[in-house]
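Enquirer: Have a look at this one.
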Amino acid sequence: MLYKVMDKNVYQDFIKALISNYEFIGPARKDRSVHDFVPIKNISELDTNYMRTTIPPAKKLLFYPTEKLVNYEVGKSIDVKPVVESKERILFGINAWDINGMNFLDELFTTDFIDENYISKRKNLMVIGMDSQPTETNFSPSMGADYAKSGFDIYLTELKDKYFIRIGTARGNEIIQKYAEVRNATAEDFKDYDKYLDDYRMKFKLNVDIKNFYDNFELIYNNEEFWKKVAKDCYSCGSCNLVCPTCFCFNIKDDMELNLKEGNKIREWDSCMIPEYGLVAGGHNFRPNKENRLKQRYRCKLKTFIDKFGKYSCVGCGRCIETCLAKINIAEDINSVKREVSV
Ligand code: SF4
Ligand code: SF4
Numbered sequence: 032m033l034y035k036v037m038d039k040n041v042y043q044d045f046i047k048a049l050i051s052n053y054e055f056i057g058p059a060r061k062d063r064s065v066h067d068f069v070p071i072k073n074i075s076e077l078d079t080n081y082m083r084t085t086i087p088p089a090k091k092l093l094f095y096p097t098e099k100l101v102n103y104e105v106g107k108s109i110d111v112k113p114v115v116e117s118k119e120r121i122l123f124g125i126n127a128w129d130i131n132g133m134n135f136l137d138e139l140f141t142t143d144f145i146d147e148n149y150i151s152k153r154k155n156l157m158v159i160g161m162d163s164q165p166t167e168t169n170f171s172p173s174m175g176a177d178y179a180k181s182g183f184d185i186y187l188t189e190l191k192d193k194y195f196i197r198i199g200t201a202r203g204n205e206i207i208q209k210y211a212e213v214r215n216a217t218a219e220d221f222k223d224y225d226k227y228l229d230d231y232r233m234k235f236k237l238n239v240d241i242k243n244f245y246d247n248f249e250l251i252y253n254n255e256e257f258w259k260k261v262a263k264d265c266y267s268c269g270s271c272n273l274v275c276p277t278c279f280c281f282n283i284k285d286d287m288e289l290n291l292k293e294g295n296k297i298r299e300w301d302s303c304m305i306p307e308y309g310l311v312a313g314g315h316n317f318r319p320n321k322e323n324r325l326k327q328r329y330r331c332k333l334k335t336f337i338d339k340f341g342k343y344s345c346v347g348c349g350r351c352i353e354t355c356l357a358k359i360n361i362a363e364d365i366n367s368v369k370r371e372v373s374v
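Counting in the working numbering, the sequence shown runs from 32 upward without gaps.
Next up, the structure:
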């Protein structure tokens, strides 16, 4: 990691240079309360001062909601061509918990099987991170995701009259060398950064008691009354999956032309919370009940990947809490598991 400092008065020139030289994606206001990551053509469109971000989250740039994977032509033989779309882009202004969400997806899409469609986009994505203000539903410190150690090329932290810059890759260093006026960080800069981090962490108000969840969950697992109570109001709409920066389930479908000579295999986001998710041929459904689906979602988020990767597949962003019309709240439910076991 390299540590540099940029004065605030050259920040705008840096951003303008990036906008003119790259396809630049950054946060812009979408409506009164939500921002989205969109292509930015002019610095005036960029608004890094966001709280509620990006529904869907930035994973949409790497793992498209709908994506062509394969094109095929049916003749004497079947000609199959993979479709891998990818281009160099800058993703600017993504916060630490969402970078950690991408880091999780990186591991997922390169373990057991390399997903070319995902990884080619990820390699071409230059990530410039920046802190954003946490919402009241954010519990990322409890999940160890409020700070990004990797997964970015450059991370900018805004201090009083300067930006403290962490450079995570050679590519990030090249960008800084080419487009920014910087100097090496001094002991004084580190002191200011350290103070900033202490203050920033104080802004996260929601804590969850996740420490013993791994074992406690097993005791609660077969407690039908508990899960019926937790899932009572669930509409099985799947919104919690769609807004989640780490949910990765997808469906593959054939999209055949009317001439029946060519077609595409299409991947689309799927949701483990909808009743059709567990439906198989013959009409059998492995998970017909909403309480079983919610229980399984929590297992996936909070246990399965501790076994597989040593990390949660929840970064505590709070989006699912804000999106759920039934007010189902993963943070409260983690704490309820703890309470249920403790009484
Ligand atoms: S938990 Fe909420 S967002 Fe998720 S499926 Fe149920 S009602 Fe929809
Ligand atoms: S489960 Fe909810 S809080 Fe956790 S990462 Fe997904 S959307 Fe964010």
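Ideal Cβ placement from N, Cα and C applies to all residues, glycine included.
1) Could you name the residues of the same chain whose beta carbon sits closer than 7 angstroms to that of Y343, not counting the 5 residues immediately before and after it, in chain order?
2) Ligand 1 and L325: does the residue's C-beta get closer than 7 angstroms to at least one heavy atom of that ligand?
3) Cβ of D220 within 8 angstroms of Cβ of F195?
4) Do C331 and ligand 2 come close, with the Cβ less than 7 angstroms from some heavy atom?
5) Please work out which residues of its chain come closer than 7 angstroms, Cβ to Cβ, to D301, disregarding the five sequence neighbours upstream and downstream, and give them in chain order.
6) What I want to know is whether the C-beta of T335 ends up closer than 7 angstroms to one or more non-hydrogen atoms of ligand 2.
7) Thinking C-alpha only, which one of F317, N40, A59, L310 is nearest A89?
8) Which same chain residues end up closer than 7 angstroms to T141 when comparing Cβ atoms and leaving out the 5 residues on each side of it in sequence?
9) Pop quiz: N131 and A179 are said to be a contact at Cβ under 8 angstroms. What is the actual Cβ separation, rounded to whole angstroms?
10) Can you give the beta carbon distance from I352 to D264, rounded, assuming they're within the 8 angstroms contact cut?
11) F340 to V69, Cα distance in whole Å?
12) Does the separation of the CB atoms of F55 and Y210 fall below 8 angstroms?
13) Do you know how far the Cα of I121 is from the Cα of V41?
14) So the alpha helix (DSSP H) N366 belongs to, where does it begin and stop?
15) Using only Cβ atoms and a threshold of 6 angstroms, which residues come within that distance of a heavy atom of ligand 2? Order them by chain position.
16) So, for D192: in the same chain, excluding its five sequence neighbours on each side, which residues have a beta-carbon less than 6 angstroms away from its beta-carbon?
17) To the nearest angstrom, how far is it from the Cα of V368 to the Cα of G182?
18) Three-state secondary structure (DSSP) at K193?
19) Flag this pair as yes or no: are the beta carbons of M304 and C271 separated by less than 8 angstroms?
20) Consult DSSP for I71 and reduce its assignment to one of helix, strand or coil.
21) Consider the C-beta atom of Y266 and the heavy atoms of ligand 1; say whether any pair is separated by less than 7 angstroms.
22) Is S108 near N155, with beta carbons less than 8 angstroms apart?
23) Residues in its own chain within less than 7 angstroms of D78 by CB, not counting five upstream and five downstream?
24) Measuring CA to CA, which of E255, I71, I297 is closest to D286?
25) Just verifying my parser: in three-state terms, what is the DSSP assignment at M82?
26) Whole alpha helix (DSSP H) runs in the segment 228-270 with 4 or more residues, listed along the chain?
27) Within 10 angstroms of its Cβ, does R370 collect 16 or more other Cβ (buried), or is it exposed?
28) Counting C-beta neighbours from all protein chains within 10 Å, is the total for P96 16 or more, i.e. buried, or is it exposed?
29) Within the 8 angstroms Cβ cut-off, does L310 reach chain C?
30) For L356, verify whether its CB is less than 7 angstroms away from any heavy atom of ligand 1.
31) Would you mind working out which of L310, P306, H315, A312 sits nearest K321, comparing C-alpha positions?
Expert: In short, the structure shows the following:
1) Taking the first residue of the sequence shown as 1, we reach residue 343 at position 312. Apart from sequence neighbours up to five positions away, the residues of its chain that approach Y343 with a beta-carbon distance below 7 angstroms are M174, K332, L333, F336, I337, ordered along the chain.
2) Your numbering for residue 325 matches position 294 in the sequence shown. Under cutoff, so the answer is yes.
3) For the purposes of this step, residue 220 is taken as residue 189 along the sequence shown, with counting starting at 1. For the purposes of this step, residue 195 is taken as residue 164 along the sequence shown, with counting starting at 1. Contact flag set, yes.
4) What you label residue 331 is simply residue 300 of the sequence shown in a count that begins at 1. No, ligand 2 has no heavy atom inside 7 angstroms of this Cβ.
5) Within the sequence shown, residue 301 is the residue found at index 270, counting from 1. Taking C-beta separations shorter than 7 angstroms and ignoring five residues to either side along the sequence, the partners of D301 in its chain run C280, F281, N282, Y308, following chain order.
6) For the purposes of this step, residue 335 is identified with residue 304 of the sequence shown, where counting begins at 1. No; taking the cut-off as 7 angstroms, the Cβ of T335 has no heavy atom of ligand 2 nearer than that.
7) Counting from 1 along the sequence shown, the entry for residue 89 is found at position 58. Comparing alpha-carbon positions, the option among F317, N40, A59, L310 lying closest to A89 turns out to be A59.
8) Numbered from 1 along the sequence shown, position 110 holds the residue referred to as residue 141. These residues qualify, in order along the chain: I150.
9) Start at 1 with the first residue of the sequence shown, and residue 131 comes out as number 100. Start at 1 with the first residue of the sequence shown, and residue 179 comes out as number 148. With 8 angstroms as the limit, N131 and A179 qualify as a contact, their Cβ atoms being about 6 angstroms apart.
10) Here the question's residue 352 lines up with position 321 in the sequence shown. Here the question's residue 264 lines up with position 233 in the sequence shown. Not really, about 14 angstroms apart at Cβ, beyond 8 angstroms.
11) Reading the sequence shown from its first residue, position 309 is the one you call residue 340. Reading the sequence shown from its first residue, position 38 is the one you call residue 69. Straight-line measurement puts the Cα of V69 at about 31 angstroms from the Cα of F340.
12) Translated into the one-based positions of the sequence shown, residue 55 becomes position 24. Translated into the one-based positions of the sequence shown, residue 210 becomes position 179. Cβ distance not < 8 angstroms, so F55 and Y210 don't count as in contact.
13) Position 10 of the sequence shown holds residue 41. Position 90 of the sequence shown holds residue 121. Rounded to whole angstroms, V41 and I121 show a C-alpha spacing of 19 angstroms.
14) Residue mapping note: residue 366 aligns to position 335 of the sequence shown, counting from 1. That run of the alpha helix (DSSP H) goes 361-373.
15) Applying a distance threshold of 6 angstroms between residue Cβ atoms and the heavy atoms of ligand 2 selects V274, C275, P276, T277, K332, C345, V346, G347, C348, G349, R350, C351, I361, given in chain order.
16) On the sequence shown, position 161 is the one that residue 192 refers to. Taking D192 as the centre and dropping the five residues before and after it, the same chain places the C-beta of K39 closer than 6 angstroms to its C-beta, in chain order.
17) Against the sequence shown, residue 368 aligns to sequence position 337. Against the sequence shown, residue 182 aligns to sequence position 151. Roughly 32 angstroms separates the two Cα atoms.
18) Within the sequence shown, residue 193 is the residue found at index 162, counting from 1. The three-state reading of DSSP puts K193 in strand, counting E and B together.
19) Counting from one through the sequence shown, the residue named residue 304 turns up at place 273. Counting from one through the sequence shown, the residue named residue 271 turns up at place 240. Taking 8 angstroms as the Cβ cut-off, M304 and C271 qualify as a contacting pair.
20) One-based indexing of the sequence shown puts residue 71 at position 40. In the structure shown, I71 sits in coil (DSSP, three-state: anything other than H, G, I, E or B).
21) Position 235 of the sequence shown holds residue 266. Because some heavy atom of ligand 1 lies under 7 angstroms away, the Cβ of Y266 counts as near it: yes.
22) Stepping through the sequence shown from its first residue, residue 108 is reached at position 77. Stepping through the sequence shown from its first residue, residue 155 is reached at position 124. The answer is no: Cβ separation not under 8 angstroms.
23) In the sequence shown, counting from the first residue as 1, residue 78 sits at position 47. Leaving aside the five residues that flank D78 on each side, the residues in its chain whose CB is nearer than 7 angstroms to its CB run, in chain order, P58, A59, R60, H66.
24) For the purposes of this step, residue 286 is taken as residue 255 along the sequence shown, with counting starting at 1. Sorting E255, I71, I297 by C-alpha distance to the C-alpha of D286 places I297 at the top.
25) As a working mapping, residue 82 is identified with position 51 in the sequence shown. DSSP places M82 outside both helix and strand once states are collapsed to three, so it counts as coil.
26) Inside the segment 228-270, DSSP marks whole alpha helix (DSSP H) runs of 4 or more residues at positions 244-252, 255-262, from first to last along the chain.
27) Residue 370 sits at position 339 when you count from the first residue of the sequence shown. A residue is called buried once 16 or more other Cβ atoms fall within 10 Å of its Cβ, and R370, having fewer, is exposed.
28) Translated into positions along the sequence shown, residue 96 becomes position 65. Looking at its Cβ environment, which holds fewer than 16 other Cβ atoms inside 10 Å, P96 is exposed.
29) Looking at the structure shown, chain C is missing, and only one protein chain is on hand.
30) The residue you call residue 356 lines up with position 325 of the sequence shown. Yes, since a heavy atom of ligand 1 falls inside the 7 angstroms radius drawn around the Cβ of L356.
31) Counted from its first residue, the sequence shown places residue 321 at position 290. Measuring from the Cα of K321, the nearest candidate turns out to be P306.
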